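**Q**
In the numbering used here, the protein residues as written are 1 to 228.
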């Protein structure tokens, strides 16, 4: 495993720095409170992964109106088609008229912010990378077997999320992930031949483990680690 990078003529040990950061249990908030003037290298995207292509000046993120989804079969099919199209082409979309009040959404965000703005002594009790310890909350029932999912679901994608830092204030988001750990990730067989697959098949659990710790390898793309 590659854990060293050369910076300004000296060797920088990413794994050592990550371990020290993890053991501090202070998180990014601790760095902000310490008024650091330089971002730690393990937070910086390597130049090889930064796209040189300019972003379009104008683009429209899909916004799907859920009004009437439970009242009209025709309207429901229209909404489902919009979701399918956005999932295939963008990998994400916004929704409006979803039935969750603004007060509930604002309260949820404020609750998250309030927790992370607590003193470190309070947060340290819950800080862990062990998903079996408290703080890891599962609300949904057990997921069905992968064979039960319709084949059309393989068309959908999810966009890689990168956050642009700003000087206005912290970015707050509440993310939910749904994982089928025994599911096998592999290139679509319809798009490859037996002679030229670009990546090997890998259990989703192994992929997630590599993704979570890719910083230790100098930010190497997780997908690159499974290329043949």
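Just so you know, even glycine gets a beta-carbon here, dropped at the ideal spot from N, CA and C.
All figures in this text were calculated on a predicted structure; none of them were measured in a lab.
1. Bridge partners for residue 199 per DSSP, in chain order?
2. Using DSSP with H/G/I as helix, E/B as strand and the rest coil, what is residue 184?
3. Quick one: Cα of residue 44 to Cα of residue 207, how far?
4. Output the distance between the C-alpha atoms of residue 82 and residue 211, rounded to the nearest integer angstrom.
5. At what residues does the alpha helix (DSSP H) containing residue 22 begin and finish?
6. Which residue's Cα is closest to the Cα of residue 61: 89, 40, 76?
7. Near residue 201, what residues of its chain come up, given a Cβ to Cβ distance below 8 Å and the 5 sequence neighbours on each side ignored?
8. On a CA-only basis, which of 198, 221, 199 is nearest residue 209? Give me that one, please.
9. With a threshold of 16 other CB atoms inside 10 Å of the CB of residue 14, please say whether the residue is buried or exposed.
10. Rounding to the nearest angstrom, what Cα-Cα distance links residue 20 and residue 128 in this structure?
11. If you check the beta carbons only, do residue 95 and residue 64 fall under 7 Å apart?
12. Tell me the DSSP secondary structure of residue 210 in three-state form.
13. Hey, residue 42 and residue 17: beta-carbon distance below 7 Å or not?
**A** So, from the listed chains and residues:
1. Taking the chain shown and counting its residues from 1, the one referred to as residue 199 is at position 199. Partner residues in the beta bridge of residue 199, as assigned by DSSP, are 227.
2. Taking the first residue of the chain shown as position 1, residue 184 is located at position 184. In the structure shown, residue 184 sits in a strand (DSSP, three-state: E or B).
3. Within the chain shown, numbered from 1, the residue matching residue 44 stands at position 44. Within the chain shown, numbered from 1, the residue matching residue 207 stands at position 207. Cα to Cα, residue 44 sits roughly 22 Å from residue 207.
4. Here residue 82 refers to the residue found at position 82 of the chain shown. Here residue 211 refers to the residue found at position 211 of the chain shown. Answer to the nearest angstrom: the Cα atoms are 30 Å apart.
5. One-based indexing of the chain shown puts residue 22 at position 22. Here the alpha helix (DSSP H) through residue 22 covers 14-24.
6. The sequence position of residue 61 within the chain shown is 61, counting from 1. It is 89.
7. For the purposes of this step, residue 201 is identified with residue 201 of the chain shown, where counting begins at 1. Counting only Cβ-Cβ distances below 8 Å, and skipping sequence neighbours, we find 184, 185, 186.
8. As a first step, residue 209 is located in the chain shown; it is residue number 209 there, counting from the start. Comparing Cα positions, the closest option is 221.
9. Along the chain shown, one-based indexing puts residue 14 at 14. It counts as buried.
10. Working through the chain shown from its first residue, we reach residue 20 at position 20. Working through the chain shown from its first residue, we reach residue 128 at position 128. Rounded to whole angstroms, the separation of the alpha carbons of residue 128 and residue 20 is 14 Å.
11. The sequence position of residue 95 within the chain shown is 95, counting from 1. The sequence position of residue 64 within the chain shown is 64, counting from 1. Contact flag set, yes.
12. Counting from 1 along the chain shown, the entry for residue 210 is found at position 210. Note: residue 210 maps to helix in three-state DSSP.
13. Indexing the chain shown from 1 puts residue 42 at position 42. Indexing the chain shown from 1 puts residue 17 at position 17. Closer than 7 Å, so yes.
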